[in-house]
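Protein chains: 2
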Amino acid sequence: MSVTIKDVAKLAGVSISTVSRVINNSKPVSLEVRRKVLEAIDELGYKPNEVARSLVTRKSNLIGVIITDIGNSYIAQMVRGIEEVGRMYKYDIVLSSSYGNPDTEKKFAQLLRSKQVEGIILVSEKNNDEVIKEIEDFRIPFVYLNKYYSNLNTPTVSIDNFEASFKMTKYLLGLGHEKILYTTAQEENEASLEKFKIDGYKKAIRDNGKNKGFLYSANGFGIDDGYNMGEDVIKLVKENNITAVFCCQDELAIGLINYCYDNHIKVPEDLSICGYGDTKIASIYRPKLTTVKEPYYDIGAVAIRRIIKKLKDEEIEEDHIYLPIRIMKRESCRRIK
Amino acid sequence: MSVTIKDVAKLAGVSISTVSRVINNSKPVSLEVRRKVLEAIDELGYKPNEVARSLVTRKSNLIGVIITDIGNSYIAQMVRGIEEVGRMYKYDIVLSSSYGNPDTEKKFAQLLRSKQVEGIILVSEKNNDEVIKEIEDFRIPFVYLNKYYSNLNTPTVSIDNFEASFKMTKYLLGLGHEKILYTTAQEENEASLEKFKIDGYKKAIRDNGKNKGFLYSANGFGIDDGYNMGEDVIKLVKENNITAVFCCQDELAIGLINYCYDNHIKVPEDLSICGYGDTKIASIYRPKLTTVKEPYYDIGAVAIRRIIKKLKDEEIEEDHIYLPIRIMKRESCRRIK
DNA sequence: CTGAAAGCGCTAACAA
DNA sequence: TTGTTAGCGCTTTCAG
Numbered sequence: 001m002s003v004t005i006k007d008v009a010k011l012a013g014v015s016i017s018t019v020s021r022v023i024n025n026s027k028p029v030s031l032e033v034r035r036k037v038l039e040a041i042d043e044l045g046y047k048p049n050e051v052a053r054s055l056v057t058r059k060s061n062l063i064g065v066i067i068t069d070i071g072n073s074y075i076a077q078m079v080r081g082i083e084e085v086g087r088m089y090k091y092d093i094v095l096s097s098s099y100g101n102p103d104t105e106k107k108f109a110q111l112l113r114s115k116q117v118e119g120i121i122l123v124s125e126k127n128n129d130e131v132i133k134e135i136e137d138f139r140i141p142f143v144y145l146n147k148y149y150s151n152l153n154t155p156t157v158s159i160d161n162f163e164a165s166f167k168m169t170k171y172l173l174g175l176g177h178e179k180i181l182y183t184t185a186q187e188e189n190e191a192s193l194e195k196f197k198i199d200g201y202k203k204a205i206r207d208n209g210k211n212k213g214f215l216y217s218a219n220g221f222g223i224d225d226g227y228n229m230g231e232d233v234i235k236l237v238k239e240n241n242i243t244a245v246f247c248c249q250d251e252l253a254i255g256l257i258n259y260c261y262d263n264h265i266k267v268p269e270d271l272s273i274c275g276y277g278d279t280k281i282a283s284i285y286r287p288k289l290t291t292v293k294e295p296y297y298d299i300g301a302v303a304i305r306r307i308i309k310k311l312k313d314e315e316i317e318e319d320h321i322y323l324p325i326r327i328m329k330r331e332s333c334r335r336i337k
Numbered sequence: 001m002s003v004t005i006k007d008v009a010k011l012a013g014v015s016i017s018t019v020s021r022v023i024n025n026s027k028p029v030s031l032e033v034r035r036k037v038l039e040a041i042d043e044l045g046y047k048p049n050e051v052a053r054s055l056v057t058r059k060s061n062l063i064g065v066i067i068t069d070i071g072n073s074y075i076a077q078m079v080r081g082i083e084e085v086g087r088m089y090k091y092d093i094v095l096s097s098s099y100g101n102p103d104t105e106k107k108f109a110q111l112l113r114s115k116q117v118e119g120i121i122l123v124s125e126k127n128n129d130e131v132i133k134e135i136e137d138f139r140i141p142f143v144y145l146n147k148y149y150s151n152l153n154t155p156t157v158s159i160d161n162f163e164a165s166f167k168m169t170k171y172l173l174g175l176g177h178e179k180i181l182y183t184t185a186q187e188e189n190e191a192s193l194e195k196f197k198i199d200g201y202k203k204a205i206r207d208n209g210k211n212k213g214f215l216y217s218a219n220g221f222g223i224d225d226g227y228n229m230g231e232d233v234i235k236l237v238k239e240n241n242i243t244a245v246f247c248c249q250d251e252l253a254i255g256l257i258n259y260c261y262d263n264h265i266k267v268p269e270d271l272s273i274c275g276y277g278d279t280k281i282a283s284i285y286r287p288k289l290t291t292v293k294e295p296y297y298d299i300g301a302v303a304i305r306r307i308i309k310k311l312k313d314e315e316i317e318e319d320h321i322y323l324p325i326r327i328m329k330r331e332s333c334r335r336i337k
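From first to last, the protein sequence lines are chains A and B.
1 is the number of the first residue of the first sequence in full-length UniProt numbering; add one for each residue after it.
1 is the number of the first residue of the second sequence in full-length UniProt numbering; add one for each residue after it.
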């Protein structure tokens, strides 16, 4: 049986309200009494029961985070940002992994709500309006994070994908590449962010004015998909004298480079390849991957910051927060004359 | 204002105890009344307040997990295991990242306790007896996970490091390597698991009987450390005709291979290199890394399973649970005649 | 089978 | 400045 406020009160010879006052600093308490209470607390090793506290204050100091899978390094980075700034404001994180299942997302949202979390961050990889509606019904601060699909009307934080893609293509062009292949995936999905990225790419190609672009559609965004598209892509490269491939995700790029490695095509000597995301592996891999940095840590940090602002009734900027991007110029793309 | 048990009771025309009984199935309730209550619950969209529930039942259904950094992929895997089996038993995970600071670990432990978590898993990378003592004082189920250092007398789950290292060395020997360098780090630390790994390596070398072993001590376990030891290691390799390097961690191996890549030494053609851990990158990297698989997911899963067993007063096996290992035979080590 | 009432540990009026 | 008291939303005796 753990020690409660009553025990402290008894030992200090005061009422429980007084004890409450000193631990919360909510009302003036005479120096003498405060000292006695503090002593009693110390002697008993008393720690307030946060559950009881939550019940009366209606503040759990908990923020629910629903993710697809912490095994994805970009999600781990986001969670890192979320946790770290949450911590600064004394919020704890309750983590739930949905593994992409919408029903699970919904169930977890309800579960979190019944645990009285004060806000929810949903990191999803599909588009799931129903869950979003459900969470919005809770009327607690909510941020939706999705690196693949957009969902208008829901607070979110991301990069400007059009601009990012435009800049990367410009960079490639600047390196002397004239024929650049953009590999996308699932671009037919209404809400896919690929739309913007393709547009950015096309705009840069168009601005350059020398060549038309090349588009290839992979089956997905994973390393395997990157590897599997290898044969098609290399064929395309050879037929059209393409010198650079801009992959819509790092994983795709890594998979493609792996395919090249296995088939004795040298990157970047024979072919320049860049990615998008700057996931952890991008800088570890050899050749180091040239890529667009999506600041995952910051995205998480800003997301929870927004929730906390809302909780504190601070002024909120617009619903969609855009974070700055950077082109990470590394080894996988070389300059050609 | 959210709907409470009172609202349900009123709408259903029964007492709150009856409502409680139907939601908990704790006592018989007549079919008719049950139906009415269920209807009311449904109509109001009632969800029990878990905080209030926790207060009276003293069960928070929360398990606290203190980690160093979710950015480490092996930790992400452990957390994945923890979360996934926790979920099966209806436990939620509260995550706290200490970034290796012992004071922070301790503070979080106390914080978690005051949030009434029912158990704690501490994933640490240093040895911190004080924190362990503190947590043990809580008298709640506790598991300590540390891939670098051992702490006797505290429940933990790991692999048998001696055996793992022995097996890997055997495998290298079997590939025809006679001169194998083992690169360690921090082996002088009393509690370091390196002791066991070095012993396993030495035993295999001794059993083989042909050559003495070679030991090199890096400055740490990271990719940078692996890269930085490159010069020394390659010198050692050349001077002694070493053909294989067994690194005590995957990161060290990756760093070393990166060094080789940058210095035009081919792996495995010129030198075989293997790691230890089988972190995510090991199978993505090219060449694919030959390594010892430490089953991080399972370690997390078994750890929380143990906590839940304890919570349910099920029988507990011994304090130290050993999980089976596997040698992942991949590309970075080749057979030599 | 059902309801009234006590109480989990704490905060926050309200009095004094 | 301090104590008394009424809850927060729920579970759980104890009567009936």
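We put the beta carbon where it would ideally sit given N, CA and C, even for glycine.
Which class does residue i belong to by DSSP, given the choice of helix, strand or coil?
{"i": "Ser-192(B)", "result": "strand"}
{"i": "Phe-246(B)", "result": "strand"}
{"i": "Asp-262(A)", "result": "helix"}
{"i": "Phe-175(A)", "result": "One detail in the question is off: residue 175(A) reads as Leu in this sequence, not Phe. Coil at Leu-175(A), not helix or strand."}
{"i": "Lys-280(A)", "result": "coil"}
{"i": "Gly-71(B)", "result": "coil"}
{"i": "Val-79(B)", "result": "helix"}
{"i": "Val-157(B)", "result": "strand"}
{"i": "Thr-4(A)", "result": "coil"}
{"i": "His-31(B)", "result": "Just to set this straight, residue 31(B) is Leu in the shown sequence, not His. It is helical."}
{"i": "Gly-86(A)", "result": "helix"}
{"i": "Leu-152(A)", "result": "coil"}
{"i": "Met-229(B)", "result": "coil"}
{"i": "Lys-106(B)", "result": "helix"}
{"i": "Arg-305(B)", "result": "helix"}
{"i": "Ser-97(A)", "result": "strand"}
{"i": "Arg-326(A)", "result": "strand"}
Are the CB atoms of residue i and residue j nearer to each other than 8 Å?
{"i": "Cys-274(B)", "j": "Cys-333(B)", "result": "yes"}
{"i": "Phe-166(A)", "j": "Lys-210(A)", "result": "no"}
{"i": "Thr-113(B)", "j": "Lys-47(A)", "result": "Note that residue 113(B) is Arg in the sequence shown, not Thr. Yes, the pair counts as a contact, with Cβ atoms nearer than the cut-off."}
{"i": "Ala-185(A)", "j": "Ala-218(A)", "result": "yes"}
{"i": "residue 384(B)", "j": "Val-157(B)", "result": "With chain B covering 1 to 337 only, the question about residue 384(B) has no answer from this structure."}
{"i": "Pro-295(A)", "j": "Leu-271(A)", "result": "no"}
{"i": "Ser-150(B)", "j": "Leu-193(B)", "result": "yes"}
{"i": "Ile-307(A)", "j": "Val-143(A)", "result": "yes"}
{"i": "Thr-243(A)", "j": "Ile-336(A)", "result": "yes"}
{"i": "Val-233(B)", "j": "Thr-183(B)", "result": "yes"}
{"i": "Leu-172(B)", "j": "Phe-246(B)", "result": "yes"}
{"i": "Ile-93(A)", "j": "Glu-83(A)", "result": "yes"}
{"i": "Val-65(A)", "j": "Lys-106(A)", "result": "no"}
{"i": "Lys-195(B)", "j": "Asn-240(B)", "result": "no"}
Buried or exposed: where does residue i fall if 16 or more other Cβ atoms within 10 Å of its Cβ makes it buried?
{"i": "Glu-32(A)", "result": "exposed"}
{"i": "Lys-238(A)", "result": "exposed"}
{"i": "His-264(B)", "result": "exposed"}
{"i": "Asp-262(B)", "result": "exposed"}
{"i": "Asn-49(B)", "result": "buried"}
{"i": "Leu-145(B)", "result": "buried"}
{"i": "Ser-97(A)", "result": "buried"}
{"i": "Asp-298(B)", "result": "buried"}
{"i": "Thr-57(B)", "result": "exposed"}
{"i": "Leu-152(A)", "result": "exposed"}
{"i": "Tyr-201(B)", "result": "buried"}
{"i": "Asn-128(A)", "result": "buried"}
{"i": "Gly-86(B)", "result": "buried"}
{"i": "Lys-293(A)", "result": "buried"}
Practice task
Please list the residues of the region 121 to 155 of chain A that have a C-beta atom closer than 7 Å to any C-beta atom in chain B, keeping them in chain order.
Solution key: none
Handout entry: the region 210 to 230 of chain B touching the region 242 to 256 of chain B, judged by at least three CB pairs closer than 8 Å
Key = yes
Problem - Touching by the beta-carbon criterion (3+ pairs, under 8 Å), the region 6 to 18 of chain A and the region 30 to 50 of chain A - result: yes
Exercise for the section: Taking only beta carbons into account, state which residues of the region 230 to 253 of chain A come closer than 7 Å to chain B, listed in chain order. Expected result: none
Problem - Residues in the region 71 to 104 of chain B having any Cβ partner in chain A nearer than 8 Å - result: Gly-71, Ser-73, Ala-76, Gln-77, Val-79, Arg-80, Glu-83, Glu-84, Arg-87, Asp-92, Ile-93, Val-94, Leu-95, Ser-96, Ser-97
Practice task
Please name the residues in the UniProt domain "HTH lacI-type" (3 to 57) of chain A whose beta-carbon is closer than 9 Å to at least one beta-carbon of chain B, in chain order.
Solution key: Gly-45, Lys-47, Pro-48, Asn-49, Glu-50, Val-51, Ala-52, Arg-53, Ser-54, Leu-55
Exercise for the section: Report yes or no: do the region 127 to 137 of chain A and the region 75 to 85 of chain B share at least 3 C-beta pairs separated by less than 8 Å? Expected result: no
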